[in-house]
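I have placed the structure first, in the form of structure tokens, so that the comments after it can refer back to it.
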Amino acid sequence: GAVVSQHPSWVICKSGTSVKIECRSLDFQATTMFWYRQFPKQSLMLMATSNEGSKATYEQGVEKDKFLINHASLTLSTLTVTSAHPEDSSFYICSAPGEFETEAFFGQGTRLTVV
Amino acid sequence: ILNVEQSPQSLHVQEGDSTNFTCSFPSSNFYALHWYRWETAKSPEALFVMTLNGDEKKKGRISATLNTKEGYSYLYIKGSQPEDSATYLCAFISAGKSTFGDGTTLTVKP
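Residue numbers (the working numbering), protein chains in the order written: chain Z, 7 to 121; chain V, 4 to 113.
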């Protein structure tokens with residue numbers, strides 16, 4: 007199947023700094039990518055839909071100024087957590103749909119810890 | 004807002020027991036249903052992609068069925084082993100977007 011590479015796999019940052027997470031489709035083009043977050047004791051929740059060449063679509067309750075998404079090319083989407091706080095510590099994971107949109111290919115995920 | 008529900012929330016079984024979980028999802032605008040084996044803070048491991056009503060898929064001791072008309076899917080594990088302990092997620096796929104259930108956490112005791 008298709009490969010989605012997410013980087014970094016883990017990061018520790020200080021409160022108030024910004025962190026960028028990259029999601030790349032390695033052997034296919036992805037005009038759309040999705041970003042998810044795991045909340046404590048919960049499953050994966052969709053944060054936003056990243057659209058190549060246009061603005062991202064955010065789910066209800068997700069702060070667009072806090073979680074900046076850029077999808078500048080057909081193979082790369084980035085999520086920047088701005089002015090990170092300890093409550094932003096979480097597991098973030100991206101996915102890209104397959105050709106027929108019945109498949110979803112996930113990155114490896116990023117464990118963010120804000121201290 | 005799509006509602007994908009899984010039951011039970013958790014399950015404890017003895018090694019060798021067979022078990023099954025349920026995933027219920029909206030029956031309209033169906034594209035696909037995915038089953039994943041998931042360990043917290045890791046990428047989900049794809050088990051099955053179910054697309055057609057009546058689909059039955061099998062992978063070793065694990066199998067799954069799909070009923071799109073009534074909006075449910077079952078995941079079965081035959082002869083559970085301790086290494087099967089994990090959280091099993093289902094995800095409703097619509098236009099490539101995944102809506103996850105909360106998962107069923109399975110613990111298999113030796």
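Every residue gets a Cβ at the ideal spot worked out from N, C-alpha and C, and that includes glycine. What you are looking at is a predicted structure, and each value in this text was computed from that prediction instead of being measured.
Please state the DSSP three-state secondary structure of residue i.
i	result
GLU59 (chain V)	strand
PRO85 (chain V)	helix
Could you tell me which residues DSSP pairs with residue i in its beta bridges?
i	result
GLU28 (chain Z)	Z:HIS13 and Z:THR84
ARG40 (chain V)	V:GLU48 and V:TYR91
SER27 (chain V)	V:GLU8 and V:TYR75
VAL68 (chain Z)	Paired residues: none, contrary to the question.
THR68 (chain V)	V:GLU59 and V:TYR77
SER118 (chain V)	No information on residue 118 (chain V) is available, as it lies outside the stretch 4 to 113 that chain V covers here.
THR22 (chain V)	V:ILE80
PHE106 (chain Z)	Its beta-bridge partners do not exist; DSSP assigns none.
ALA35 (chain V)	V:ILE96
PHE111 (chain Z)	Z:ALA102
Once the 5 residues before and after residue i are set aside, which same chain residues still bring their CB inside 8 angstroms of it?
i	result
PHE45 (chain Z)	MET51 and SER96
Going by DSSP, what residue range makes up the beta strand (DSSP E) through residue i?
i	result
GLU58 (chain Z)	Taken as a continuous stretch (DSSP letters only), GLU58 (chain Z) belongs to no beta strand (DSSP E), as it is neither H nor E.
GLU8 (chain V)	8 to 10
HIS15 (chain V)	13 to 17
HIS77 (chain Z)	73 to 79
PHE103 (chain V)	100 to 103
TYR98 (chain Z)	96 to 103
THR108 (chain V)	107 to 112
THR116 (chain Z)	116 to 120
GLN44 (chain Z)	38 to 44
Using a beta-carbon distance below 7 angstroms, is residue i in contact with chain V?
i	result
LEU50 (chain Z)	yes
PRO103 (chain Z)	yes
ARG117 (chain Z)	yes
Return the chain-ordered list of same chain residues with a C-beta closer than 6 angstroms to the C-beta of residue i, the five sequence neighbours on each side being excluded.
i	result
THR90 (chain V)	TRP41, GLY106 and THR108
HIS13 (chain Z)	GLU28
ALA36 (chain Z)	ALA102
SER10 (chain V)	THR25
Go through its chain and collect everything with a Cβ distance to residue i's Cβ below 7 angstroms, but skip five positions before and after it.
i	result
VAL17 (chain Z)	VAL25, THR116 and LEU118
HIS15 (chain V)	THR110 and LYS112
PHE2 (chain V)	What is shown of chain V runs 4 to 113, which leaves residue 2 (chain V) out entirely.
Using 7 angstroms as the limit for Cβ to Cβ distance, is residue i near chain Z?
i	result
TYR34 (chain V)	yes
PHE24 (chain V)	no
SER31 (chain V)	no
THR108 (chain V)	no
PRO85 (chain V)	no
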